[in-house]
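S.K.: Handing you a structure now.
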Amino acid sequence: MARIIVITSGKGGVGKTTTSAALAMGLAQRGHRTVVIDFDVGLRNLDLIMGCERRVVYDFVNVINQEANLNQALIRDKRCDNLYVLPASQTRDKEALTKEGVGRVLEELSEGYDYIVCDSPAGIEHGATMAMYYADDAVVVTNPEVSSVRDSDRMLGILSSKSRRAESNADPIREFLLLTRYDPLRVEKGEMLSVDDVQEILSLTLIGVIPESKSVLTASNAGVPVVLERDSDAGKAYGDMVARYLGEDVPHRFLQVEKKGFLSRIFGG
Amino acid sequence: MGLLDYFRSSRPKGSASVAKERLQILVAHDRAARGRPSYLPRLQQEILEVIRKYVEVDMNAVSVKYEQEASHEVLELNIILPDTAQGRA
Chain S
80 MARIIVITSG
90 KGGVGKTTTS
100 AALAMGLAQR
110 GHRTVVIDFD
120 VGLRNLDLIM
130 GCERRVVYDF
140 VNVINQEANL
150 NQALIRDKRC
160 DNLYVLPASQ
170 TRDKEALTKE
180 GVGRVLEELS
190 EGYDYIVCDS
200 PAGIEHGATM
210 AMYYADDAVV
220 VTNPEVSSVR
230 DSDRMLGILS
240 SKSRRAESNA
250 DPIREFLLLT
260 RYDPLRVEKG
270 EMLSVDDVQE
280 ILSLTLIGVI
290 PESKSVLTAS
300 NAGVPVVLER
310 DSDAGKAYGD
320 MVARYLGEDV
330 PHRFLQVEKK
340 GFLSRIFGG
Chain R
1030 MGLLDYFRSS
1040 RPKGSASVAK
1050 ERLQILVAHD
1060 RAARGRPSYL
1070 PRLQQEILEV
1080 IRKYVEVDMN
1090 AVSVKYEQEA
1100 SHEVLELNII
1110 LPDTAQGRA
């Protein structure tokens, strides 16, 4: 039986797809058979972030409509044998994701994989509710910024009421907070909500803090999940997140401003 | 961070604290509204209409509070009547 993880946020542009790619790659590299599914029907992007956009033949909606089987649609990652990508359809309507269809595909995947990572679209509409419906765990991606925090709180309300676990009175979805685009310097100056501020408002288990980093854009330019950029702070922070998800006790890094040398203090930079 | 920043040590209090305060209020409000049954506004309206048949009360005189506790739900109605009961029909 696979564990189903939804990466969600409500607000767009906070790093759901980046996080989905990083978590899936991280889990796969640690030897777990993992599949990552793009639920953003009509606006697929996960394939680009994973760098497999030219290998898409069939997609999630084809599988739901039984126009293709899973083996035809799944794309095996070239860097890691344990990782598969199920791309979204670029042309269909998001209503193409039916609850029965999604459930059937997840059940079939569940037999052959350890983890299923669901990359949710932004918003609280159909695609997003389908991505979270079957989830066992949820990572709520949040920027330290008012609209993102508020939307995350709304997602928590939906996770606790409109999911299979909620409807069947099973144990609730395990919810985790991932703070992204964190800028310790601005936090120190009092210009940005701190980790503690956001924690106090949302009261969730913190699974990671990803610092604002140029490497996220650089990695996406090249179609490389940023977790593979082991020299970058964002890559390391995502690596830590994966370890924490798997139950390891890893201290949080990159929460403080790095001490600068004398010259760079004088001349800026 | 340049040399000039050293002379600007008396910066105004950051905007993050404002953001935090606003969010705390907003989130508390959102959460309170979340579990409420959808009939509450209409219930409030109809109760108000009934009361206004007998007593001239303000439109804001009736407040309906809904709370969920572990084993039961509480629907609290608070009606503020005017000082003198001269509004009787």
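Protein chains in written order, with the numbering used here: chain S, 80 to 348; chain R, 1030 to 1118. No residue lacks a Cβ here, since even glycine has one placed at the ideal position from N, Cα and C.
1. Anything in the stretch 1064-1085 of chain R with a Cβ closer than 7 Å to a Cβ of chain S? List those residues in chain order, please.
2. The stretch 1088-1116 of chain R: which residues have C-beta closer than 7 Å to a C-beta of chain S, in chain order?
3. Could you pull the start and end residues of the alpha helix (DSSP H) that Tyr324/S belongs to?
4. To the nearest angstrom, report how far apart Glu1078/R and Leu1072/R are at their CA atoms.
5. Give the list of continuous alpha helix (DSSP H) stretches no shorter than 4 residues that lie fully inside the stretch 258-288 of chain S.
6. Since Val142/S is in the alpha helix (DSSP H), which residue starts that stretch and which ends it?
7. Looking at the secondary structure, which residues open and close the alpha helix (DSSP H) in which Arg82/S lies?
8. With a cut-off of 8 Å, does the C-beta of Ser1039/R fall near any C-beta of chain S?
9. In whole angstroms, what is the alpha-carbon distance linking Val115/S and Val225/S?
10. Assuming Ala217/S and Thr98/S make a contact with CB atoms under 8 Å, what is their CB distance in whole Å?
11. For the ligand HEM, is there a heavy atom less than 7 Å away from the beta-carbon of Arg253/S?
12. Quick check: the Cα distance between Ala210/S and Arg253/S, rounded to an integer number of angstroms?
13. Does the separation of the CB atoms of Ile195/S and Ala81/S fall below 8 Å?
14. Would you call the stretch 122-137 of chain S and the stretch 175-187 of chain S in contact, with 3 or more CB pairs under 8 Å?
15. Taking only beta-carbon positions, decide if Leu272/S is within less than 8 Å of chain R.
16. Do the stretch 293-313 of chain S and the stretch 235-251 of chain S make contact, defined as three or more Cβ pairs closer than 8 Å?
17. Would you verify that the beta carbon of Arg229/S is, or is not, closer than 8 Å to some beta carbon of chain R?
18. Would you mind reading off the limits of the alpha helix (DSSP H) that contains Thr208/S?
19. Expressed to the nearest angstrom, what Euclidean distance is found between the alpha-carbon atoms of Tyr137/S and Ile128/S?
20. So what does DSSP say about Tyr1083/R, is it helix, strand or coil?
21. What do you reckon, are the CB atoms on Ser292/S and Ser311/S nearer than 8 Å?
22. Under 7 Å between beta-carbons, which chain R residues line up against Val225/S? List them in chain order, please.
23. Excluding the five sequence neighbours on either side, which residues of its own chain have a C-beta within less than 6 Å of the C-beta of Pro166/S, listed in chain order?
24. Helix or strand or just coil, what does DSSP make of Ser247/S?
M.R.: So, to answer that:
1. Listed in sequence order: no entries.
2. none
3. Counted from its first residue, the first sequence places residue 324/S at position 245. From DSSP, the alpha helix (DSSP H) with Tyr324/S extends over Asp312 to Tyr324.
4. Within the second sequence, residue 1078/R is the residue found at index 49, counting from 1. Within the second sequence, residue 1072/R is the residue found at index 43, counting from 1. If you take the alpha carbons of Glu1078/R and Leu1072/R, they lie about 10 Å apart.
5. 263-267 and 274-281
6. Position 63 of the first sequence, counting from 1, holds the residue named residue 142/S. Segment Phe139 to Ile143, the alpha helix (DSSP H) holding Val142/S.
7. Your numbering for residue 82/S matches position 3 in the first sequence. Looking at the DSSP string, Arg82/S is not in any alpha helix (DSSP H); the run it does join, the beta strand (DSSP E), is Arg82 to Thr87.
8. Your numbering for residue 1039/R matches position 10 in the second sequence. Note on Ser1039/R: pLDDT 48, under 50, position unreliable in the model; the coordinate value appears next. Cβ-Cβ to chain S under 8 Å: no for Ser1039/R.
9. If you number the first sequence from 1, residue 115/S lands on position 36. If you number the first sequence from 1, residue 225/S lands on position 146. Going by the C-alpha atoms only, they are around 29 Å apart.
10. As a working note, residue 217/S is residue 138 in the first sequence. As a working note, residue 98/S is residue 19 in the first sequence. That belief does not hold up - the Cβ atoms of Ala217/S and Thr98/S are roughly 12 Å apart, past 8 Å.
11. Here there are no bound small molecules, and the ligand HEM is not part of this structure.
12. Taking the first sequence and counting its residues from 1, one reaches residue 210/S at position 131. Taking the first sequence and counting its residues from 1, one reaches residue 253/S at position 174. C-alpha separation (whole angstroms): 15 Å.
13. Locating residue 195/S in the first sequence gives position 116, where the first residue counts as 1. Locating residue 81/S in the first sequence gives position 2, where the first residue counts as 1. Yes.
14. no
15. The count along the first sequence starts at 1 and reaches residue 272/S at position 193. True, the Cβ-Cβ gap to chain R drops below 8 Å.
16. Contact check between the stretch 293-313 of chain S and the stretch 235-251 of chain S: fewer than three CB pairs, one atom from each, fall below 8 Å, which does not count as touching.
17. Here residue 229/S refers to the residue found at position 150 when the first sequence is read from its first residue. Taking Cβ atoms only, chain R reaches closer than 8 Å to Arg229/S, which makes this a yes.
18. Translated into positions along the first sequence, residue 208/S becomes position 129. Counting along the chain, the alpha helix (DSSP H) containing Thr208/S begins and ends at His205 to Tyr212.
19. The residue you call residue 137/S lines up with position 58 of the first sequence. The residue you call residue 128/S lines up with position 49 of the first sequence. Approximately 18 Å between the Cα atoms of the pair.
20. For this step, residue 1083/R is matched to residue 54 along the second sequence. Assignment of Tyr1083/R by DSSP, reduced to helix, strand and coil, places it in the helix class.
21. Here residue 292/S corresponds to residue number 213 of the first sequence, with the count starting at 1. Here residue 311/S corresponds to residue number 232 of the first sequence, with the count starting at 1. Against a cut-off of 8 Å, the Cβ pair of Ser311/S and Ser292/S comes out as a contact.
22. The residue given as residue 225/S occupies position 146 in the first sequence. Close to Val225/S, with beta-carbon spacing below 7 Å, are these residues of chain R in chain order: Ala1048, Arg1051 and Leu1052.
23. Here residue 166/S refers to the residue found at position 87 when the first sequence is read from its first residue. Result list for Pro166/S: Asp117, Arg123, Asp126, Val135 and Asp138, in chain order.
24. Locating residue 247/S in the first sequence gives position 168, where the first residue counts as 1. Reduced to three states, the DSSP call for Ser247/S is coil.
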